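The end of the sequence shown is residue 188 by the numbering used here, with every number in the run present.
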Amino acid sequence: MQLCNIWKNSEARDIVKGRLVLWRKEGTVVRVEKPTRLERARRLGYKAKHGFVVVRVRVKKGKRKRPKVSGGRVPKKAGRFFTLGKSKQVVAEEKAARKYPNMEVLNSYYVGEDGQYKWYEVIMVDPAHPEIKADKDINWICKPVHKGRAFRGLTSAGKKSRGLRA
């Protein structure tokens, strides 16, 4: 059985639900040793070598809330809750990029959710690492034009959120 088919298996889903209990007690951005979904990570560009880091990010589900206005005014349009103009996956990539400012976001993928949170694993690359600079498949990320790509919507999830990819 292939790795991608194992992830779709009902037994694997039960294992992930058990992990969610542990993940809830962890921090928002946690570095992990190995990807939870290895086949997905490799499809998105992950390599098991120095300079690559996988980070699990927790994002709260539901709408965002505006801060309460002071001075007795009542908010008019639909109250204080609003829908963010970008996906939860983009928010997760931005959180990871803020936590690790010396690294660039390569890609990310979904790993699980419960009633309150969604978890994504973000693949990050260190553009200053000599092994990354020497690898012809990934050294494009070392160029200055790719700095802060998560914040500018240049990752795959960012482009999808902006309507540039189906």
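Glycine is no exception: its CB is placed at the ideal position from the N, C-alpha and C atoms.
All of these numbers come straight from a predicted model, not from anything done at the bench.
Please report the straight-line C-alpha distance between residue i and residue j, rounded to a whole angstrom.
i: leucine 42; j: leucine 60; result: 18 angstroms
i: lysine 69; j: aspartate 157; result: 11 angstroms
i: lysine 30; j: glutamine 24; result: 10 angstroms
i: lysine 108; j: serine 32; result: 30 angstroms
i: glycine 191; j: glycine 84; result: For the chain, the structure presents residues 23 to 188; residue 191 sits outside this window and is missing.
i: arginine 171; j: lysine 182; result: 14 angstroms
i: isoleucine 160; j: arginine 184; result: 24 angstroms
i: lysine 87; j: glycine 101; result: 9 angstroms
Where does the unbroken alpha helix (DSSP H) through residue i begin, and where does it stop?
i: isoleucine 154; result: 152–156
i: lysine 90; result: Taken as a continuous stretch (DSSP letters only), lysine 90 belongs to no alpha helix (DSSP H), as it is neither H nor E.
i: arginine 187; result: Taken as a continuous stretch (DSSP letters only), arginine 187 belongs to no alpha helix (DSSP H), as it is neither H nor E.
i: glutamine 111; result: 110–121
Residue i lies in the beta strand (DSSP E); which residues open and close that run?
i: valine 127; result: 126–135
i: valine 147; result: 139–147
Which word fits residue i, buried or exposed, when buried means at least 16 other C-beta atoms lie within 10 angstroms of its C-beta?
i: phenylalanine 104; result: exposed
i: arginine 80; result: buried
i: isoleucine 37; result: exposed
i: leucine 186; result: exposed
i: arginine 62; result: buried
i: serine 178; result: buried
i: alanine 34; result: exposed
Using only alpha-carbon positions, find the residue among the options that is nearest to residue i.
i: lysine 47; options: Val144, Gly175 and Gln138; result: Gln138
i: valine 77; options: Glu116, Ser178, Glu153 and Ile37; result: Glu116
i: glutamate 143; options: Gly40, Trp45, Ile37 and Ser32; result: Trp45
i: valine 54; options: Trp141, Ser178 and Lys165; result: Trp141
i: lysine 71; options: Ser130, Arg102, Arg120 and His151; result: His151
i: tyrosine 132; options: Asn27, Lys85, Gly40 and Pro57; result: Pro57
i: asparagine 124; options: Val96, Asn27, Gly40 and Pro166; result: Pro166
i: glycine 67; options: Val127, Glu135 and Ala188; result: Val127
i: threonine 50; options: Arg35, Val113, Val75 and Arg65; result: Val113
i: phenylalanine 74; options: Ser130, Gly175 and Leu176; result: Ser130
i: lysine 121; options: Arg65, Val96 and Phe173; result: Phe173
i: glutamine 111; options: Glu135, Lys39, Arg64 and Ile154; result: Glu135
**Report entry** Secondary structure, alpha helix (DSSP H): runs of 4+ residues fully inside the segment 47–74
**Finding:** 60–65
Query raised in the report: Curious, which full-length beta strand (DSSP E) runs of at least 3 residues does the segment 154–184 contain?
Result: none
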